[in-house]
Amino acid sequence: MPEGHTVHRIAQLFTELFAGQVLVASSPQGRFSEGAALISATTLLTSQAIGKQLFLGFEADRCVRVHLGIYGAWDVISRSGELTRAGSPDTVSLGAPRVRRRIGETETSISSDVAFPPPPVGQVRLRLETSDTVADLRGPTACELITPEGREVIEARLGPDPMHDRGKKSGAIFAQRLARTSRPIGLVLMDQGVVSGIGNVYRAEILFRHRLDPYLSANSLDAELVHRLWKDWGVLLARGVQTGVMMTRDDLDAKGKALALEERGERYFVYGRQGQPCRVCRTPIVMAMMATRKLYFCPQCQTSIGRSS
DNA sequence: TCACAATGAACAA
DNA sequence: TGTTCCTTGTGAC
Numbered sequence: 001m002p003e004g005h006t007v008h009r010i011a012q013l014f015t016e017l018f019a020g021q022v023l024v025a026s027s028p029q030g031r032f033s034e035g036a037a038l039i040s041a042t043t044l045l046t047s048q049a050i051g052k053q054l055f056l057g058f059e060a061d062r063c064v065r066v067h068l069g070i071y072g073a074w075d076v077i078s079r080s081g082e083l084t085r086a087g088s089p090d091t092v093s094l095g096a097p098r099v100r101r102r103i104g105e106t107e108t109s110i111s112s113d114v115a116f117p118p119p120p121v122g123q124v125r126l127r128l129e130t131s132d133t134v135a136d137l138r139g140p141t142a143c144e145l146i147t148p149e150g151r152e153v154i155e156a157r158l159g160p161d162p163m164h165d166r167g168k169k170s171g172a173i174f175a176q177r178l179a180r181t182s183r184p185i186g187l188v189l190m191d192q193g194v195v196s197g198i199g200n201v202y203r204a205e206i207l208f209r210h211r212l213d214p215y216l217s218a219n220s221l222d223a224e225l226v227h228r229l230w231k232d233w234g235v236l237l238a239r240g241v242q243t244g245v246m247m248t249r250d251d252l253d254a255k256g257k258a259l260a261l262e263e264r265g266e267r268y269f270v271y272g273r274q275g276q277p278c279r280v281c282r283t284p285i286v287m288a289m290m291a292t293r294k295l296y297f298c299p300q301c302q303t304s305i306g307r308s309s
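At position 67 of the first sequence (counting the first as 1) the number is 67 in the numbering used here, and the numbers step up by one without a gap.
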């Protein structure tokens, strides 16, 4: 259940663990057997994220595109028994038997005689392994082999990603794409063709951080605000990639920040806080459906005059 | 045991 | 706008 920061972390982790190495690939579940066979026993050359897309570039111009969707995840297990639940930023699953732990805690395998590699558990679409590391992919919305041309097509469709900033144009492209649609800003921020990597949590939080009415037309925002939105997404994304946590509150002292890193309920201004008091004005946070997704906002702080609906 | 939700997006109509 | 797909964990019975 990742937003852009998670996918960047996975890309970085795979670069560290796998780049330059020959990988054995398989599809224990069977749904990616042909693709796995084609990349197996070849070298991983690149591991790159753009927004929520992960591109793994192998020899012979073979590229695996992975999109985790709403509940996909990678489990990474090393021979030492450490296990990282990369798709779930706030938990780490550990060796057999699986134990859930809070962030930052690590633990080695309970029994040291656990076989390596461990047998796949559940629906593992793709397993990548070296002699001492295994990465299991479960529940992706997409896992496919693509050509360099196919990759270009996909990249061309994506809105800018601050972590993949091609010069200074990204902010301008973001502004351009907002300017050409009258759809509500709350909807547009989640459109991966407009800006890459923002999901339901970051959407709600960014809107609140700018006291922005989710129902305002994207093309009604002034240039300065649009610029601030772009810069802010860059700040939040960089922070998320660094910490692995979507920490969107700036109104915290060191103690509060430590608490927010542990308690998900403390981490956000509005996301998931329906009915609870706004952290700024105490008005109850509202949840409303917007195009099949839950939108959270403060009806007081994020009001604009003349909002329709 | 079962229903349901979850940080997503493609597709149909 | 609604439906479908992908998988797992939780909480109610």
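For each residue, glycine too, the CB sits at the ideal point set by N, CA and C.
Just tell me which of the options has its CA closest to the CA of residue i.
| i | options | result |
| --- | --- | --- |
| Ala-115 | Pro-162, Ala-142, Asp-136, Arg-79 | Arg-79 |
| Leu-236 | Val-7, Gly-256, Arg-249, His-227 | Arg-249 |
| Gly-275 | Ala-288, Glu-263, Arg-267 | Ala-288 |
| Glu-205 | Ile-154, Asp-61, Thr-283, Gly-272 | Gly-272 |
| Cys-143 | Ile-77, Glu-129, Pro-118, Leu-68 | Leu-68 |
| Cys-281 | Phe-297, His-227, Arg-9, Arg-293 | Phe-297 |
| Ser-217 | Val-188, Gly-20, Tyr-71 | Val-188 |
| Asp-232 | Arg-203, Ser-220, Val-245 | Arg-203 |
| Ser-33 | Leu-128, Leu-252, Glu-3, His-5 | Leu-128 |
| Gln-48 | Asp-136, His-164, Thr-133, Ala-156 | His-164 |
| Ala-60 | Asp-75, Ile-146, Phe-269 | Ile-146 |
| Thr-46 | Thr-15, Gly-30, Gln-29 | Thr-15 |
| Lys-169 | Arg-239, Cys-278, Trp-230 | Trp-230 |
| Gly-30 | Arg-138, Ala-254, Lys-255 | Arg-138 |
| Gly-20 | Thr-243, Ile-77, Thr-130 | Thr-130 |
| Asn-219 | Gln-192, Asp-253, Thr-181 | Thr-181 |
Would you say the beta carbon of residue i comes nearer than 7 Å to a heavy atom of the ligand NAD?
| i | result |
| --- | --- |
| Val-124 | Ligands are entirely absent from the displayed structure, and the ligand NAD is therefore not among its contents. |
Measure the beta-carbon distance from residue i to residue j and round it to whole angstroms, keeping in mind my assumption that it falls under 8 Å.
| i | j | result |
| --- | --- | --- |
| Ser-27 | Ala-41 | Going by Cβ atoms, the distance from Ser-27 to Ala-41 rounds to 15 Å, so no, they are not a contact pair. |
| Met-190 | Gly-197 | That belief does not hold up - the Cβ atoms of Met-190 and Gly-197 are roughly 10 Å apart, past 8 Å. |
| Asp-75 | Asp-132 | With a Cβ gap of about 15 Å, Asp-75 and Asp-132 do not count as contacting. |
Does the distance from the CB of residue i to the CB of residue j come in under 8 Å?
| i | j | result |
| --- | --- | --- |
| Arg-177 | Val-194 | yes |
| Phe-55 | Arg-62 | no |
| His-310 | Gly-171 | Summary: the structure shown does not reach residue 310, with the chain confined to residues 1 through 309, and so no result is reported for it. |
| Pro-140 | Arg-125 | yes |
| Asp-161 | Gly-4 | yes |
| Gly-186 | Leu-295 | yes |
| Gln-302 | Leu-207 | yes |
| Pro-119 | Ile-77 | no |
What are the boundary residues of the alpha helix (DSSP H) that residue i is part of?
| i | result |
| --- | --- |
| Ile-206 | 200-209 |
Name the two residues that bound the continuous beta strand (DSSP E) containing residue i.
| i | result |
| --- | --- |
| Lys-294 | 293-297 |
| Glu-262 | Here Glu-262 belongs to no beta strand (DSSP E); instead the alpha helix (DSSP H) covers 254-262. |
4-residue-minimum alpha helix (DSSP H) runs that sit fully inside the stretch 3-45, ordered along the chain: 4-18, 33-39
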